[in-house]
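Quick mapping for you: the protein sequence lines, in order, are chains A and B.
First residue of the first sequence? That's 2 in our numbering, and the numbers climb one at a time after it.
First residue of the second sequence? That's 569 in our numbering, and the numbers climb one at a time after it.
No residue lacks a Cβ here, since even glycine has one placed at the ideal position from N, Cα and C.
Here is the structure we will look at, set down as structure tokens.
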Amino acid sequence: AQSVAQPEDQVNVAEGNPLTVKCTYSVSGNPYLFWYVQYPNRGLQFLLKYITGDNLVKGSYGFEAEFNKSQTSFHLKKPSALVSDSALYFCAVRDSTGGFKTIFGAGTRLFVKA
Amino acid sequence: KAGVTQTPRYLIKTRGQQVTLSCSPISGHRSVSWYQQTPGQGLQFLFEYFSETQRNKGNFPGRFSGRQFSNSRSEMNVSTLELGDSALYLCASRVGAGENTEQFFGPGTRLTVL
Numbered sequence: 002a003q004s005v006a007q008p009e010d011q012v013n014v015a016e017g018n019p020l021t022v023k024c025t026y027s028v029s030g031n032p033y034l035f036w037y038v039q040y041p042n043r044g045l046q047f048l049l050k051y052i053t054g055d056n057l058v059k060g061s062y063g064f065e066a067e068f069n070k071s072q073t074s075f076h077l078k079k080p081s082a083l084v085s086d087s088a089l090y091f092c093a094v095r096d097s098t099g100g101f102k103t104i105f106g107a108g109t110r111l112f113v114k115a
Numbered sequence: 569k570a571g572v573t574q575t576p577r578y579l580i581k582t583r584g585q586q587v588t589l590s591c592s593p594i595s596g597h598r599s600v601s602w603y604q605q606t607p608g609q610g611l612q613f614l615f616e617y618f619s620e621t622q623r624n625k626g627n628f629p630g631r632f633s634g635r636q637f638s639n640s641r642s643e644m645n646v647s648t649l650e651l652g653d654s655a656l657y658l659c660a661s662r663v664g665a666g667e668n669t670e671q672f673f674g675p676g677t678r679l680t681v682l
């Protein structure tokens with residue numbers, strides 16, 4: 002069965018500093034990994050995805066994510082945080098063996114302080 | 569291109585009633601998924617449909633049902649509402665049936681059960 006864990010409920014970072022939001026996963030087959038962001042009173046928006054290939058994936062708004070197969074991790078990163086990055090971030094996984102469902106992590110709330 | 573639309577946006581019902589929520593996917597998208605989002609449980613997978621067929625169902629009681637029409641629009645129904653059904657219900661569409669495509673989310677329907 003597939004699962005995904007976001008070990009931090011909340012991440013606090015100062016504006017201009019690098020940020021990392023952690024995600025680990027478990028799947029039977031090859032993983033398809035996604036990051037989504039939810040701003041207050043808005044739906045989820047797609048940020049980036051890993052399918053296969055380069056372990057460093059670049060996405061929207063300057064975000065990137067690093068895929069590590071041995072550690073089964075897919076951490077979200079940004080070199081310089083903005084106050085406007087403050088939001089709820091979700092990691093999600095689909096499994097190549099099928100199942101036709103996306104499993105989401107519990108979410109990590111990011112606070113960027115000016 | 570118009571995004572995913574959900575109607576109604578807000579709904580207040582009483583225990584024991586039933587409710588139907590509607591989702592119109594992005595034009596050309598044939599896969600629709602539904603999720604329940606609550607503060608305590610995060611995003612929980614309800615169903616996924618593709619070409620009018622339910623491909624998977626999450627761990628929800630039989631009171632939760634759904635369907636997809638030939639134009640890819642989808643509805644979900646909850647019968648005999650309980651207080652615990654109060655949540656934000658999100659619909660998401662994808663362009664195809666593959667496991668590697670990202671989802672596009674609607675704004676959600678906020679259901680309150682009194």
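Residue closest to residue i, alpha-carbon to alpha-carbon, out of the options
i, options, result
"Thr73(A)", "Arg43(A), Tyr33(A), Ser85(A)", "Tyr33(A)"
"Thr53(A)", "Leu589(B), Lys569(B), Ser619(B), Glu667(B)", "Glu667(B)"
"Lys70(A)", "Leu20(A), Ser29(A), Ala82(A), Ser61(A)", "Ser29(A)"
"Val646(B)", "Pro593(B), Ile594(B), Gly571(B), Trp602(B)", "Trp602(B)"
"Gln609(B)", "Phe618(B), Pro593(B), Phe628(B), Tyr617(B)", "Phe628(B)"
"Gly630(B)", "Arg678(B), Gln586(B), Arg577(B)", "Gln586(B)"
"Gly571(B)", "Glu650(B), Gln605(B), Ile594(B)", "Ile594(B)"
"Pro576(B)", "Glu650(B), Ser638(B), Ser590(B)", "Ser590(B)"
"Phe91(A)", "Ser81(A), Phe75(A), Ala82(A), Phe101(A)", "Phe75(A)"
"Gln7(A)", "Ser27(A), Ser61(A), Asn42(A)", "Ser27(A)"
"Phe672(B)", "Ala2(A), Val14(A), Tyr37(A), Leu89(A)", "Tyr37(A)"
"Gly652(B)", "Lys569(B), Gly634(B), Thr582(B), Thr573(B)", "Thr582(B)"
"Phe637(B)", "Gly584(B), Ser599(B), Tyr657(B), Leu658(B)", "Ser599(B)"
"Thr588(B)", "Ser661(B), Phe618(B), Arg635(B), Ala665(B)", "Arg635(B)"
Residues of its chain near residue i, where Cβ-Cβ distance is below 6 Å and the 5 sequence neighbours each way are ignored
i, result
"Phe35(A)", "Lys50, Ala93"
"Val663(B)", "His597, Thr669"
"Gly63(A)", "Lys79"
"Lys59(A)", "Glu65"
"Gln3(A)", "Val28, Val94, Asp96, Ile104"
"Ser661(B)", "Val572, Pro593, Ile594, His597, Val600, Phe672"
Span separating the alpha-carbon of residue i from that of residue j
i, j, result
"Glu643(B)", "Gly17(A)", "44 Å"
"Phe105(A)", "Asn31(A)", "16 Å"
"Ser640(B)", "Arg623(B)", "14 Å"
"Phe632(B)", "Cys24(A)", "30 Å"
"Gln39(A)", "Val12(A)", "15 Å"
"Gly626(B)", "Gln612(B)", "8 Å"
"Ala82(A)", "Ala107(A)", "22 Å"
"Val113(A)", "Arg43(A)", "19 Å"
"Glu616(B)", "Phe68(A)", "26 Å"
"Leu20(A)", "Cys659(B)", "29 Å"
"Leu48(A)", "Phe101(A)", "21 Å"
"Val14(A)", "Ser619(B)", "44 Å"
Residue i classed as buried or exposed, judged by whether at least 16 other C-beta atoms fall within 10 angstroms
i, result
"Leu614(B)", "buried"
"Arg95(A)", "buried"
"Val84(A)", "exposed"
"Thr621(B)", "exposed"
"Ala115(A)", "exposed"
"Asp55(A)", "exposed"
"Thr103(A)", "buried"
"Thr648(B)", "exposed"
"Gly676(B)", "buried"
"Tyr657(B)", "buried"
"Leu57(A)", "exposed"
is_contact[residue i, chain C] using C-beta, thresh 9 Å
i, result
"Phe91(A)", "The structure shown contains no chain C; its protein chains are A and B."
Chain-order list of residues whose beta-carbon lies under 8 Å from that of residue i (same chain, five-residue window excluded)
i, result
"Glu9(A)", "Val22, Lys23, Thr109"
"Leu45(A)", "Tyr37, Val38, Gln39, Phe91"
"Asp86(A)", "Leu20, Tyr62, Lys79, Leu111, Val113"
7 Å Cβ shell around residue i - same chain, five flanking residues per side excluded
i, result
"Gly580(B)", "According to the sequence displayed, residue 580(B) carries Ile and not Gly. Thr680, Leu682."
"Ala655(B)", "Gln604, Gln605, Thr606, Leu679"
"Thr573(B)", "Ser592, Gly674"
"Ala88(A)", "Val38, Gln39, Tyr40, Leu111"
"Glu650(B)", "Arg583, Val681"
In the region 26 to 47 of chain A, which residues sit with their C-beta less than 8 Å from some C-beta in chain B, listed in chain order? Tyr33, Phe35, Tyr37, Arg43, Gly44, Leu45, Gln46, Phe47
Name, going along the chain, the residues of the region 606 to 623 of chain B whose beta-carbon falls closer than 7 Å to a beta-carbon of chain A. Gly610, Leu611, Phe613, Glu616, Arg623
Near-chain B residues of the region 58 to 71 of chain A (beta-carbon distance less than 9 Å), N- to C-terminal order: none
When Cβ atoms are compared, which residues of the region 95 to 115 of chain A fall closer than 8 Å to chain B? Arg95, Asp96, Ser97, Gly99, Gly100, Phe101, Lys102, Thr103, Ile104, Phe105, Gly106, Ala107, Gly108
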